Each structure stands twice: as C-alpha cells, then as structure tokens.
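Please read the structure below before turning to the comments.
Protein chains: 2
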Amino acid sequence: MCRNSLPDWIAAISHNKKNLVLKKGQTLFTEGDAVKGIYFVYDGIIKVHKNWNKDKEIILRFATRGDIVGHLGLGDGAAYPVSATAVEQTVLCFIDMPFFESSLNINGSLVKQLMRFFANELYQAEEKVKNLVHMPVKARIAQALLRLDEQFSTDEEGYLGIELSRQNLASFSGTIYETLFRVVNELTAEGIIKTNGRSMMICDKSALEQIIALENN
Amino acid sequence: MCRNSLPDWIAAISHNKKNLVLKKGQTLFTEGDAVKGIYFVYDGIIKVHKNWNKDKEIILRFATRGDIVGHLGLGDGAAYPVSATAVEQTVLCFIDMPFFESSLNINGSLVKQLMRFFANELYQAEEKVKNLVHMPVKARIAQALLRLDEQFSTDEEGYLGIELSRQNLASFSGTIYETLFRVVNELTAEGIIKTNGRSMMICDKSALEQIIALENN
DNA sequence: CGCATGCTTGAGCACGTTCAATTGCGGTGG
DNA sequence: CCACCGCAATTGAACGTGCTCAAGCATGCG
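First to last, the sequence lines map onto chains D and U.
So the first sequence is residues 636 to 852, counted in this note's numbering.
So the second sequence is residues 636 to 852, counted in this note's numbering.
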C-alpha cells in the first residue's frame with residue numbers, strides 16, 4: 636500500500652522476535668556503526684539522517700509503522716552509512732542479519748518485495764537530488780510539507796500526524812533553522828499553513844503545489 | 636567487482652537477446668516514457684539524468700560496461716523517472732520486462748544480487764543528497780572528478796577513460812557551465828588537474844581529497 | 001532573582017548564478 | 001585564399017538567494 640511498507644512478510648518473519656522501545660530522541664544507530672541487522676517499525680517514527688559538523692544534518696526520510704530501517708546494511712558496506720533516531724516514542728523489532736539473510740534465501744517472494752522497495756527508495760532519493768539542485772528553498776520546503784502530508788495522515792482537525800521540531804523540518808528540507816523560520820512565517824501569513832504549537836496543518840495544498848510548479852516550467 | 640556490475644547473471648540472461656547500438660548523443664529513453672524493459676550495457680557509456688527547463692539537467696550516474704540501465708522501471712512507477720543518453724557510442728542489450736520478470740522468478744540468486752545492487756545505488760544517491768546540501772561547489776566538483784576516476788580507468792598517460800563535455804561535467808557536479816569553468820581553471824592553475832582537449836587527468840588526487848575534507852570537519 | 005537556553009529577527013556577506021559581451025576557431029561560401 | 005558566419009569557449013560584472021553572525025526577547029529552571 637504505502638510505498639514504504641512491506642507489511643506481511645516482514646511481519647511474519649519478525650513476529651517471534653524481541654521488541655525494542657525507543658524514547659523520543661534516542662538513537663537506534665549512528666553512521667559508521669557496524670551492521671548487525673535490520674529493524675522493523677511497529678509504531679512511532681524514526682528519522683533516517685546523515686550528520687556532519689555536530690549541529691548540521693540532513694534528514695533523508697522518516698520511517699513509520701510498517702517501514703524498515705537499516706536496510707542499507709544489505710549493501711556492500713560493513714557499516715551503516717546513515718543514522719537513525721526516534722522522533723517520537725517508537726516500538727520496533729530487531730532482526731539480526733544472519734536470520735534475515737536466511738529468510739531471504741528461503742523466501743524468494745520476500746526478496747522480490749524488498750527489491751521493489753529498494754527501487755522505490757532509489758526513486759525517491761534521486762528525486763530529492765534533483766530538487767536540491769534546481770529548486771529554491773521555499774519550493775523545497777513546500778515539497779517537504781507535501782511529502783509529510785502524504786506519509787502521515789492528519790488528525791480530525793487536519794493537523795499532520797507528526798510533531799516535527801522546526802530544526803527537523805529544516806533538516807528535512809535541506810536548509811537551516813533560520814531560513815525555515817522565515818519561510819514558515821511567510822506561508823503562515825499567506826494562509827497556506829498554520830500551526831497549533833504542536834503540529835502543523837496544511838490549509839491550501841494547491842498553493843504549495845503551485846509554489847513548486849513555478850520552478851518546473 | 637565494480638559496485639555497479641552484475642556481470643554473470645545478466646550476461647547469462649541476455650546472451651541470446653538482440654543487441655542495440657546507440658551513437659554518441661542518442662537517447663535511449665526519456666523521463667515519462669513507459670517502462671518496456673531494462674538494458675544491459677556491453678560497451679560504451681550511458682548517462683542517466685533528469686531534465687527540466689530544456690537546458691538544465693542533473694546527471695545522476697554513468698552506466699558503463701557491465702552496468703544496467705532502466706532498473707528503476709522495477710519500482711512501482713509505470714514510467715521511467717529518468718532519461719538515459721549515450722555519452723559515447725554504446726552497445727547494449729534490451730531485456731523486455733516480462734522476460735526479465737520471469738527470470739527473476741526462476742533465479743533467486745539473481746534477485747538477491749539485484750537487491751544488493753539497489754542497496755548500493757541507494758547508498759550512492761543518499762551520499763549525493765548529503766553532498767549537495769553541505770558542500771560548496773568546488774568540493775562537489777572535486778568529488779565528481781574522484782568518482783569518475785574510480786569508475787573509469789585511466790589510459791597509459793593517466794587520462795580519464797571518459798571524454799566528458801564541460802556541460803556534462805557541470806551537470807554531474809550539480810552546477811552550471813560557467814561555474815564549472817572557473818573551478819576547472821582554478822584546479823588547473825593549482826596543478827591539480829590538466830586537460831589535453833579530449834579528456835582530463837587528475838595530477839594530484841590527494842589535493843582533491845583535501846578540498847573535500849575541508850567541509851567534513 | 002539571575003542565569004541559561006531556545007526562539008525570533010535583523011543586517012551583512014559570500015557564494016554561485018545570471019546575463020551579456022568578447023574571444024577564438026572551424027567550417028562554408030564567395 | 002580570404003571573408004564571413006556561427007557556435008562554443010571564456011571572461012566580466014552585477015545581482016540575488018540564502019547562510020552567518022549576533023543581538024534582542026521570551027521562557028524556564030535553579
């Protein structure tokens with residue numbers, strides 16, 4: 636269903652494995668950590684990000700219920716090339732690599748699903764590359780908001796189902812705190828989004844799409 | 636061997652399929668084209684790129700002998716999200732999707748290799764995302780040169796085994812023609828690279844690495 | 001009550017892009 | 001053989017976006 640979920644097979648694999656609970660802000664693994672296995676998110680939100688310079692990071696994606704994390708460990712590298720941190724309290728299950736590999740050997744359909752999943756992830760990543768090169772900040776932020784809107788359903792009032800600090804939103808948009816601020820202010824002033832202190836609400840989705848479209852002519 | 640090659644299995648699949656020859660500059664497919672199958676490069680170089688605005692593009696990667704092209708068609712989209720164009724004369728073989736899918740069903744090892752390949756591609760793409768966000772142009776160009784150096788072996792004099800127009804190099808570095816120009820001039824003046832009109836030569840690899848390292852502190 | 005920490009805003013600056021003008025060169029036709 | 005044209009290479013100057021830095025507020029906690 637969601638492009639990022641492998642609902643059934645992984646669930647089947649993982650159902651008798653031990654669960655893991657991460658509190659908000661806790662980190663699951665960090666760039667450079669040795670690959671031990673992969674993780675399957677039952678509930679909550681994990682951000683997958685890359686750091687440099689202590690207070691600079693770029694958030695590549697959010698993993699939520701039904702998503703997997705750490706799958707880059709399936710590549711040739713012996714270490715994770717990304718970090719994973721809980722954005723809110725998250726329950727996940729750890730599948731050690733030997734077990735996972737043997738599941739892959741037994742279950743051909745799982746591998747195919749996984750391959751397809753990777754293909755979609757790659758698509759997303761390359762789209763992001765393109766956007767970073769040719770879109771101005773405001774459009775990137777608009778895009779980021781729309782992606783959040785797709786991925787996280789909204790509550791009854793219409794607020795996004797993810798509570799993201801501005802810092803995180805900035806990192807997800809590929810910009811810095813202050814810049815994100817001014818743009819969010821703009822968008823709020825224009826009546827396109829609003830915030831209730833906790834989360835955000837997109838009031839005018841087509842306005843966001845239009846901001847993005849300006850660059851794609 | 637090379638992270639981007641699937642030497643044996645695909646070769647086995649493809650050995651009785653019809654070959655295809657593309658002249659320099661010819662395009663294999665364009666963003667939005669319906670996915671018909673995937674391609675396997677026997678010889679030559681294909682650039683995989685995304686376009687917008689007629690004369691603006693970003694080159695995501697180069698596919699060369701042993702690489703596959705069009706594999707994003709394996710994702711959920713019905714259309715290629717990228718374009719593919721020959722940088723020099725290229726021989727490749729087309730494998731239609733039904734045939735390829737059935738090969739995947741028969742040959743579990745192939746799927747696993749492919750999955751691993753995707754994982755590595757994803758790693759590369761995410762690395763690129765990071766670099767675009769936090770590196771200044773000069774460092775990105777240095778990085779681009781090093782990647783070319785890795786991927787394309789050098790001739791007896793030490794020149795890169797790829798003849799890339801400056802326009803292409805700019806697109807690969809995520810910048811524009813003029814900017815690339817000035818930086819290439821700088822690098823030449825500093826004695827780090829040189830050019831013989833056809834191709835380029837990296838004279839001082841560690842100097843390039845140092846330019847990149849300045850940003851990663 | 002005072003210090004610390006994070007939010008907010010302002011001003012300046014730098015990098016890289018844009019635009020335009022000039023040069024160089026190869027091909028073509030007179 | 002020279003003159004002209006066209007296109008790509010090259011350079012210069014100016015502009016704008018978005019980042020940096022730092023000061024002003026607010027909020028919280030000892």
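We put the beta carbon where it would ideally sit given N, CA and C, even for glycine.
Note that the structure is predicted; figures quoted are calculated from it, not measured.
Sixteen is the threshold: when 16 or more other Cβ atoms of the shown chains lie within 10 Å of the Cβ of U:E761, as they do, the residue is buried. The count of Cβ pairs closer than 8 angstroms, one atom from the stretch 721-731 of chain D and one from the stretch 755-772 of chain U, stays below three, leaving the stretches out of contact. A distance below 7 angstroms between beta-carbons, with the five flanking residues on each side excluded, links D:K773 to the following residues of its chain, in chain order: V818 and I846. For D:A779, the enclosing alpha helix (DSSP H) stretches over residues V772 to Q786. Take D:A714, set aside five residues on each side of it, and the residues of its chain with a beta-carbon closer than 8 angstroms to its own are E666, G667, D668, A669 and V670, in chain order. Under the three-state reduction of DSSP, D:T720 is assigned to strand. A check of alpha carbon separations from U:M835 across U:L849, U:H769 and U:L781 identifies U:L781 as the nearest. For the stretch 671-732 of chain D, the full-length beta strand (DSSP E) segments reaching 3 residues or more read 672-678, 680-687, 691-699, 718-721 and 725-731 along the chain. The three-state secondary structure of D:T789, taken from DSSP, is strand. A direct Cα-to-Cα measurement between U:K653 and U:G679 gives close to 17 angstroms. By the CB criterion at 7 angstroms, D:I693 and D:K682 fall outside the cutoff. Put simply, the stretch 806-820 of chain D touches the stretch 775-790 of chain D. At least three CB pairs are less than 8 angstroms apart.
Around the beta carbon of U:K747, 16 or more other beta carbons sit within 10 angstroms, so the residue counts as buried. The criterion of a C-beta distance shorter than 7 angstroms is not satisfied by D:L707 and D:L655. A buried status is given to D:N803, since no fewer than 16 other beta-carbon atoms sit within 10 Å of its beta-carbon. D:L655: member of the beta strand (DSSP E) spanning N654 to L657, first to last residue. One thing to note: U:I673 has its Cβ within 7 angstroms of the Cβ of U:I730. For D:S738 and U:G710, the gap between their C-alpha atoms comes out near 22 angstroms. Excluding the 5 residues flanking it on each side, U:R700 has same chain C-beta neighbours closer than 7 angstroms at V676, Y677 and D678, in chain order. Using a CB distance cut-off of 7 angstroms, U:A774 does not count as an interface residue toward chain D.
The Cβ-Cβ distance between D:L757 and U:L757 falls below 7 angstroms. Beta-bridge annotation (DSSP): U:I741 is not paired with any residue.
Chain U places a beta carbon closer than 7 angstroms to that of D:N755, counting this residue as a contact.
Under DSSP, U:K829 shares a beta bridge with U:M836.
Straight-line spacing of the CA atoms in U:K659 and U:A824 works out to 31 angstroms. Here D:A848 is exposed: its Cβ has fewer than 16 other Cβ atoms, across all protein chains shown, within 10 Å.
Between D:G705 and D:F664 the beta-carbon gap is near 7 angstroms, inside 8 angstroms, which marks them as a contact. The C-beta of U:Q759 has 16 or more other C-beta atoms within 10 Å across all chains shown, which makes the residue buried. The beta carbon of D:L709 falls within 7 angstroms of a beta carbon belonging to chain U, placing the residue at that interface. Counting only Cβ-Cβ distances below 7 angstroms, D:A760 has contacts in chain U at L757, A760, E761 and V764, in chain order.
Residues of chain U with a Cβ closer than 8 angstroms to the Cβ of D:L749 are, in chain order, M750. By the beta-carbon neighbour count (other beta carbons within 10 angstroms, threshold 16), U:I741 is exposed.
Flagged as an interface residue toward chain D: U:G743, by a C-beta distance shorter than 7 angstroms. Around the C-beta of D:Q786, 16 or more other C-beta atoms lie within 10 Å, and the residue is accordingly described as buried. Listed along chain U, no residue sits closer than 7 angstroms to D:G701 by beta-carbon distance, the nearest being about 16 angstroms off. If you draw a straight line from the Cα of D:N755 to the Cα of D:L695, it is about 14 angstroms long.
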